[in-house]
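Following: one structure in structure tokens, then a few remarks.
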Amino acid sequence: MQSLARIIKCLILCTALSACSFNNSDQVRQAACNNLKSKIIFNAATSDTRRAEIERAQRPLDQYTYDRNCT
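Per my numbering, the sequence shown runs over residues 160 to 230.
Below, the structure written as structure tokens:
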């Protein structure tokens with residue numbers, strides 16, 4: 160009897176999580192695009208030289224990812 164209750168709870172939880180993910184997919188995508196755009200805009204804007212060099216090296220990949228997924 161407990162295992163049946165556990166299965167039912169699991170099914171309800173999975174259904175609820177599935178419904179939430181469909182509603183938020185556009186919001187999650189938009190948030191990721193905004194984060195990526197901010198990363199591109201503020202690229203290498205740091206006083207840490209090593210970190211700035213790493214960010215400059217990653218910029219082409221970030222720009223490609225943004226162009227491919229967000230435009």
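The beta-carbon is built from N, C-alpha and C at its ideal position, and this holds for glycine as well. Everything numeric in this text was worked out from a predicted model, so none of it was measured.
> Are the Cβ atoms of Y225 and L195 separated by less than 7 Å?
Replying inline: Position 66 of the sequence shown holds residue 225. Position 36 of the sequence shown holds residue 195. Yes, the Cβ-Cβ distance between Y225 and L195 is below 7 Å.
>> Am I right that N202 and E212 are in contact with their C-beta atoms under 8 Å? What's the rounded C-beta distance?
In response: In the sequence shown, counting from the first residue as 1, residue 202 sits at position 43. In the sequence shown, counting from the first residue as 1, residue 212 sits at position 53. Contact between N202 and E212 does not hold, since the beta-carbon distance rounds to 11 Å and is not under 8 Å.
>> Need the endpoints of the alpha helix (DSSP H) that A211 sits in, please.
In response: On the sequence shown, position 52 is the one that residue 211 refers to. It spans T208 to C229 - the alpha helix (DSSP H) in which A211 sits, taken as one unbroken run.
> Closest to I199 by CA distance: which of A216, R165 and K168 is it?
Replying inline: By one-based count along the sequence shown, residue 199 stands at place 40. Looking at the Cα atoms, A216 is the closest of the given residues.
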